[in-house]
Every structure is written in structure tokens, then in C-alpha cells.
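**Q** Let me give you the structure first, and then I'll get to my questions.
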Amino acid sequence: MDFDSLVGHISFVHNALQAQAAHAVNLSLTARNWLVGCYIVEFEQNGEDRAKYGDKLINRLAERLNCRGMEPRRLREYRQVYLVYPSLGYEVENFIQSNNVQAQSIGKPSIWRTLSAKLQAPENQGNEIWQTMSAKLEEWATPPTKLFNRLNFSSLLYLTNIEDPLKRAFYEQEAIRGCWTVRELDRQVSSLYFERMGLSKDKLAMQKLTMKDSQQLSPRDILHNPVTLEFLGLQSQDVFTETKLETAILNHMQQFLLEMGRGFCFEARQKRILVDNDYFKADLIFYHRILKCHVVVDLKIDRFRHEYASQLNLYLNYYKHEVMQEDDNPPIGILLCTDYGETTVRYATEGLSENLFVSKYRLQLPSEEEIRNYLIENISEEDFKEKE
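In this text, residue positions in the sequence shown follow our numbering: the first is 23, and each later residue adds one.
What follows is the structure, given as C-alpha cells:
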């Protein structure tokens with residue numbers, strides 16, 4: 023072992039065990055907080071002297087506990103998470119048992135037995151009750167084991183503020199897939215990611231993204247339209263060039279990748295392409311790890327014109343014949359422009375690569391009225407019939 027190997031081994035052990043320790047701490051906090059919320063709700067429902075405390079229960083409890091992390095605001099948060107995520111009981115109990123915390127030391131509230139059906143219950147009975155409970159979950163709901171193991175308590179708490187179960191499930195899955203921090207999750211919710219994806223009107227599309235055994239996704243399932251770039255700090259009335267737009271995106275690459283969707287890996291900017299004796303430059307090149315193909319993004323600062331599609335199609339054919347590997351799928355082209363006419367796009371792209379997409383980008387978040395109109399315009403009569 024030389025010195026470099028010594029450094030490498032120590033760095034690996036440090037990073038691996040530190041990450042493991044942090045994960046264990048997060049699980050412990052989630053389990054503790056969920057249990058506190060469980061006990062509070064159990065007391066509110068079945069406590070022998072609950073009438074004595076009434077609305078002052080939380081404040082009196084915090085005063086009596088008198089320890090950090092048990093302030094009134096925190097206790098209300100624990101209660102809130104429990105009420106929204108009661109199905110975590112099975113995971114919490116397994117975690118407690120795996121860490122040798124005796125049942126006697128945490129108590130046995132009746133509501134706990136209702137949820138996990140394992141404390142002081144035969145093993146087979148517990149499994150049957152739990153399976154019955156799991157079967158009642160909507161088929162698009164996030165499995166409790168994923169919620170407990172992949173999201174920290176802060177993320178779970180944030181998600182409890184989303185009242186619509188379908189919308190909440192969507193953000194749960196996206197946060198897990200994208201390993202979002204609470205800050206990243208907040209940005210996606212604040213920028214109306216769910217609404218802009220148009221999934222609120224399409225339960226089947228939601229299932230396709232969230233179900234474990236989903237079908238192979240197509241480019242159209244993943245690519246977003248419109249793309250909102252408010253994080254660049256550019257104003258609609260600003261005078262800017264394609265180079266300035268590209269530079270702003272590169273300076274905010276993390277936010278841009280989150281906005282584009284999951285799976286995008288940045289590869290190159292201003293990629294030089296030689297065809298015959300002419301050089302061309304593709305603005306941004308990505309590789310999509312889910313679709314397993316290159317993605318060529320061409321930026322335009324004006325409305326779509328037919329020659330833009332022809333230029334992007336040239337880039338796609340170059341990547342198809344010169345760059346694509348045997349195990350790759352055909353490349354995808356995304357033309358980002360400020361606006362477009364649907365008929366013009368259809369006529370300009372007909373006969374070109376089927377993987378060429380034209381998307382709008384906007385520098386400011388859409389208003390509530392714009393979102394409402396967008397959803398109404400995209401709900402067909404068949405959608406209404408299905409809902410009925």
C-alpha cells in the first residue's frame with residue numbers, strides 16, 4: 023500500500039460510514055417523531071384524563087417534557103406527520119425492533135396495534151391485518167417502506183402541507199427519484215411543477231410514473247413543455263442573446279436539470295459538429311440515463327421558425343450515425359423557443375425525426391389563471407366521461 027492508496031482507503035471508509043451514520047440518524051428521528059405524533063393522537067382519542075387538558079394539551083405537554091425538540095410547534099408537526107402518514111407504523115416498528123428497542127419501553131397504544139398489528143399479536147395475524155391495510159392504499163400511492171427509508175422527516179413534514187393525495191404522491195415519487203433536498207422540493211412545488219406537467223387531469227399518467235412495474239417510458243412521457251426558467255433571473259423585457267441565455271443556464275445547471283426532468287446528465291456545450299466541410303455548433307448536449315440516448319438542446323430567443331427544425335434534425339442525424347453506440351437509443355432533439363404555432367411546427371417537422379420536439383420556455387412562472395386555462399384546454403370530453 024502506497025500513500026495514495028492509504029488516502030483512498032481512509033476517504034472511502036470515512037464517506038461510506040459517515041453517510042450510513044447520517045442515514046441511521048434520519049431514520050431514528052423519523053421513527054421518534056412519528057411515535058410522538060402517534061402517542062399524542064392516541065391520547066386525544068382515548069386518554070383517560072384527556073378532557074382535563076383539551077386544547078391546551080400540546081402546550082402543557084411541551085412544558086412538562088421541557089427538552090429540546092419537544093417545543094409546542096414541533097409537537098404539532100409530529101402530530102401532523104402521523105395523521106397524514108399513519109401507514110409508516112409498520113416501518114417504524116420494524117426499525118425499532120431491529121435496533122433492539124423493547125416494546126415495553128415505547129408503550130403499546132391501541133392505535134399502534136391497529137396500524138401495525140404486531141405488538142402483542144401473533145405473527146400471522148399481524149401479517150394478515152397489515153396486508154389488508156396495504157391493499158386499501160391507492161395503487162398509485164408511494165409504498166411506506168420507500169417513504170420511511172428514502173425521505174427524511176423534514177421532507178415528509180413539507181409534503182403534509184399538500185392536501186391533494188394524488189398531488190402529494192407525485193411529489194413523493196419525484197423527490198425520491200431525484201434525491202431532492204427540502205429546498206429543491208420547495209422550489210418544484212412553488213413553481214407549480216405538478217400543474218405544469220399536466221398530470222392532475224390524468225390519473226393513468228400518474229400511475230405510469232409512480233407504479234413499480236411501469237412500462238418503458240417514451241421521450242414524450244419525460245420531456246416538459248413548457249419549461250420555466252425563472253431561476254435564471256432574466257426578465258421577459260430584457261435584451262439578451264442566445265449566448266447569454268446559454269451561459270445563464272450553465273450557471274444554474276442544477277436548477278435547469280431539475281426543471282427539465284429526471285435523468286438528464288450534462289455532457290457538453292457548443293459541441294462542434296463537422297459535416298462535409300462545414301462546422302456547426304449544438305448548444306447543449308445531455309445524455310439521458312433512463313431513455314439511454316443523447317439529447318441535443320438547441321436554444322432560440324425568438325418564436326419558432328421552420329429552419330430551426332431543419333438545423334436540429336441535422337444534429338440528430340449526425341449523432342445517430344456518428345456518435346450513437348450499439349446499446350444506445352436514437353438521439354432526441356429539443357428546440358427551446360419563446361413561442362410557436364402548432365400548425366407551423368407540425369408542417370415543419372412532418373417527415374423529420376420522430377424524436378424532434380419543440381418546447382416553449384418562459385422566464386416567469388405561470389399565473390394561476392394561466393394554469394387553469396391550460397388544464398381546461400387539455401382536458402378532452404373523453405377525460406370527463408372517464409371521471410364520470
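Backbone N, C-alpha and C define an ideal beta-carbon position, used for all residues, glycine too.
Given the structure is predicted, the values throughout are model-derived calculations rather than measurements.
Are Thr360 and Ile323 close, meaning C-beta to C-beta below 8 Å?
**A** Here residue 360 refers to the residue found at position 338 when the sequence shown is read from its first residue. Here residue 323 refers to the residue found at position 301 when the sequence shown is read from its first residue. Against a cut-off of 8 Å, the Cβ pair of Ile323 and Thr360 comes out as a contact.
**Q** Just to confirm before moving on: does the CB-CB distance between Tyr107 and Leu57 stay below 8 Å?
**A** By one-based count along the sequence shown, residue 107 stands at place 85. By one-based count along the sequence shown, residue 57 stands at place 35. No.
**Q** Let me confirm a value: Asp300 is counted as buried when at least 16 other C-beta atoms fall within 10 Å, else exposed. Which label applies?
**A** Position 278 of the sequence shown, counted from the first residue, corresponds to residue 300. Exposed.
**Q** When the distance is taken between beta carbons, is Asp320 closer than 8 Å to Tyr309?
**A** Numbered from 1 along the sequence shown, position 287 holds the residue referred to as residue 309. Numbered from 1 along the sequence shown, position 298 holds the residue referred to as residue 320. The answer is no: Cβ separation not under 8 Å.
**Q** Can you tell me whether Gln40 is buried or exposed? The criterion is at least 16 other CB atoms within 10 Å of its CB, across all chains shown.
**A** For the purposes of this step, residue 40 is taken as the residue at position 18 of the sequence shown. Flag for Gln40 reads exposed.
**Q** Does DSSP put Tyr383 in a helix, in a strand, or in coil?
**A** As a working note, residue 383 is residue 361 in the sequence shown. Three-state result, Tyr383: strand.
**Q** Taking contact to mean at least 3 C-beta pairs separated by less than 8 Å, is the stretch 186-199 in contact with the stretch 63-70?
**A** no
**Q** To the nearest angstrom, report how far apart Asn174 and Ser109 are at their CA atoms.
**A** Locating residue 174 in the sequence shown gives position 152, counting from the first residue. Locating residue 109 in the sequence shown gives position 87, counting from the first residue. So the alpha carbons of these two residues sit roughly 16 Å apart.
**Q** Is Leu334 closer than 8 Å to Gly355 when the C-beta atoms are compared?
**A** Translated into positions along the sequence shown, residue 355 becomes position 333. Translated into positions along the sequence shown, residue 334 becomes position 312. Yes, these two residues count as a Cβ contact at 8 Å.
**Q** What separation, rounded to the nearest whole angstrom, lies between the Cα atoms of Cys89 and Cys287?
**A** For the purposes of this step, residue 89 is taken as the residue at position 67 of the sequence shown. For the purposes of this step, residue 287 is taken as the residue at position 265 of the sequence shown. The alpha-carbon atoms of Cys89 and Cys287 are separated by roughly 45 Å.
**Q** Rounded to the nearest angstrom, how far is the Cβ of Glu115 from that of Thr167, given a contact under 8 Å?
**A** Here residue 115 refers to the residue found at position 93 when the sequence shown is read from its first residue. Here residue 167 refers to the residue found at position 145 when the sequence shown is read from its first residue. Between Thr167 and Glu115 the Cβ distance is about 12 Å, and since that is not below 8 Å, they are no contact.
**Q** Can you name the residues that DSSP bridges to Gly355?
**A** Reading the sequence shown from its first residue, position 333 is the one you call residue 355. DSSP, once it has assigned bridges, lists Val318, Leu378 as partnering Gly355.
**Q** How big is the Cα-Cα spacing for Gly200 and Glu206?
**A** Numbered from 1 along the sequence shown, position 178 holds the residue referred to as residue 200. Numbered from 1 along the sequence shown, position 184 holds the residue referred to as residue 206. Between Gly200 and Glu206, the C-alpha separation is close to 9 Å.
**Q** Helix, strand or coil: which one does DSSP assign to Asn121?
**A** One-based indexing of the sequence shown puts residue 121 at position 99. Three-state result, Asn121: coil.
**Q** Spatial neighbours of Arg190 within its chain, please: CB distance less than 7 Å, with the 5 preceding and 5 following residues excluded, ordered by chain position.
**A** Numbered from 1 along the sequence shown, position 168 holds the residue referred to as residue 190. The beta carbon of Arg190 sits closer than 7 Å to those of Leu181, Ile184, all from its chain and outside the five residues before and after it, given in chain order.
**Q** Looking only at DSSP bridge pairs, what is Ile307 linked to?
**A** By one-based count along the sequence shown, residue 307 stands at place 285. Answer by DSSP bridge pairing, in chain order: Ala290, Val318.
**Q** Taking the Cβ atom as the reference point for each residue, do Asp305 and Arg284 lie within a distance shorter than 8 Å?
**A** Start at 1 with the first residue of the sequence shown, and residue 305 comes out as number 283. Start at 1 with the first residue of the sequence shown, and residue 284 comes out as number 262. No; because the gap between Cβ atoms is not below 8 Å, this pair is not in contact.
**Q** In the DSSP assignment, what residue or residues form a beta bridge with Ile11?
**A** The displayed coordinates of the chain run from 23 to 410. Any statement about residue 11 would go beyond what the structure contains.
**Q** Among all the DSSP beta bridges, which residues are the ones paired with Val249?
**A** Here residue 249 refers to the residue found at position 227 when the sequence shown is read from its first residue. Beta-bridge partners of Val249 (DSSP): Tyr383.
**Q** For the candidate residues Ser212, Leu338, Leu378, whose alpha-carbon lies nearest to that of Val297?
**A** Sequence index remark: in the sequence shown, residue 297 carries index 275 (1-based). Comparing Cα-Cα distances from Val297 to each of Ser212, Leu338, Leu378, the minimum goes to Leu338.
**Q** Have a look at Leu267 and Tyr340 and give me their C-alpha separation to the nearest angstrom.
**A** Numbered from 1 along the sequence shown, position 245 holds the residue referred to as residue 267. Numbered from 1 along the sequence shown, position 318 holds the residue referred to as residue 340. Each residue's Cα considered, the two are about 25 Å apart.
**Q** Could you check which residue in Met92, Tyr369, Tyr383 has the C-alpha nearest to that of Ala84?
**A** In the sequence shown, residue 84 corresponds to position 62, counting from 1. When only C-alpha atoms are compared, the closest one is Met92.
**Q** With a threshold of 6 Å on Cβ separation, who are the neighbours of Leu357 within its own chain once the five nearest residues in sequence on each side are excluded?
**A** Mapped onto the sequence shown, residue 357 falls at position 335. If we look at Leu357 and ignore the five residues flanking it on each side, its Cβ neighbours are Asp320, Tyr330, Leu334, Val380.
**Q** How would you call Thr52, buried or exposed, if buried means at least 16 neighbouring beta carbons within 10 angstroms?
**A** Residue numbering aside, residue 52 sits at position 30 when the sequence shown is read from its first letter. It counts as buried.
**Q** Looking only at C-alpha atoms, which of Ser27, Ala370, Thr265, Val204 sits nearest to Leu178?
**A** If you number the sequence shown from 1, residue 178 lands on position 156. Put simply, of Ser27, Ala370, Thr265, Val204 the residue whose alpha carbon is nearest the alpha carbon of Leu178 is Val204.
**Q** Label Thr164 either buried or exposed according to how many other C-beta atoms from any shown protein chain fall within 10 Å of its C-beta, with 16 as the threshold for buried.
**A** Here the question's residue 164 lines up with position 142 in the sequence shown. Answer is buried; the Cβ neighbour count reaches 16.
**Q** By DSSP, does Asp77 sit in helix, in strand, or in coil?
**A** If you number the sequence shown from 1, residue 77 lands on position 55. DSSP places Asp77 in helix when its eight states are reduced to three.
**Q** Go to Thr167, then tell me how far its alpha helix (DSSP H) extends in each direction, as first and last residue.
**A** As a working note, residue 167 is residue 145 in the sequence shown. Where Thr167 is concerned, the enclosing alpha helix (DSSP H) stretches over 166-172.
**Q** Identify whether Asp419 lies in helix, strand or coil by the three-state DSSP scheme.
**A** With the chain represented from 23 up to 410, any question about residue 419 goes unanswered, as that position is not in the structure.
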